[in-house]
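Chains as they are written, first to last, in our numbering: chain X, 76 to 186; chain B, 2 to 117.
In this text, a Cβ means the ideal position worked out from N, Cα and C, and glycines have one as well.
What you are looking at is a predicted structure, and each value in this text was computed from that prediction instead of being measured.
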């Protein structure tokens, strides 16, 4: 059964710290991995990763995929209080377009 | 529209009543998805519509749940005889599917359902 595991489940840091969020997966037919940020209700899209070793960057956020070891990381540098959210990792597998989500990492950034 | 919209934003109902949740996808997106997020949990897939194909209903938790998509656009998720465990945020997403691939899904604000 396809599975996505995120760690840590929660994280508390201070502004300016750098954080690394982890996502590992087991999937029968990998197509892509996505990261979302969820602050209140609607998850907002961050990155889609399909190839190993290619870093995606957006401002202070970056992500990379390792298809051999079956994991991805999301890095946030110089964290700000506005980064406080739940970060969700999801995979698309096989012939299906449905997303299989991990439980998320709840990040709290304190001033 | 500019994004996925959902209504109502909040719904409180009594156990045993039926509820209907509505989703308006991004204009031009042929794929539409429903997910459920219970308190403190990750998103759980419910149902997926793509064009005129038969929907993938594999995630619906029971026969009390059903969904339809009329005219290839707006979708309605119906929960009959609601139970307290149905309380959750119901999220709708849509994507543009090209050559059968539509991985980037854009989410609506969700409907928070509370069954008393």
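In terms of Cα proximity to residue 94 (chain X), the closest of X:140, X:158 and X:100 is X:158. Look at the beta carbons and you see the segment 47-58 of chain B touching the segment 32-39 of chain B: at least three pairs across the two are nearer than 8 Å.
Chain X places a beta carbon closer than 7 Å to that of residue 32 (chain B), counting this residue as a contact. With contact defined as three or more Cβ pairs closer than 8 Å, the segment 138-157 of chain X and the segment 123-130 of chain X are in contact.
Judged by DSSP secondary structure, residue 99 (chain X) falls within the beta strand (DSSP E) whose first and last residues are 94-101. Within 9 Å of the CB of residue 66 (chain B), no CB atom of chain X is found; the nearest one sits about 15 Å away. Excluding residues up to 5 positions away in sequence, 122, 124, 137 and 138 lie with their Cβ nearer than 7 Å to the Cβ of residue 131 (chain X) in the same chain. Less than 7 Å separates the beta-carbon of residue 7 (chain B) from that of residue 112 (chain B). For the pair residue 21 (chain B) and residue 79 (chain B), the CB atoms are nearer than the 7 Å cut-off.
As the crow flies, the alpha-carbon of residue 97 (chain X) is around 13 Å from that of residue 176 (chain X).
At least one CB atom of chain B sits nearer than 7 Å to the CB of residue 176 (chain X). Taking 9 Å as the cut-off between beta carbons, the residues of the segment 50-75 of chain B near chain X are 51, 57, 59 and 60, in sequence order. Contact check for residue 61 (chain B) against residue 88 (chain B) fails: the beta carbons are separated by 7 Å or more.
Residue 86 (chain B) carries a helical assignment under DSSP once its states are collapsed to helix, strand and coil. For residue 21 (chain B), the pairing in a beta bridge is given by DSSP as B:79. Distances from the alpha-carbon of residue 149 (chain X) to those of X:172, X:112, X:173 and X:184 put X:112 closest.
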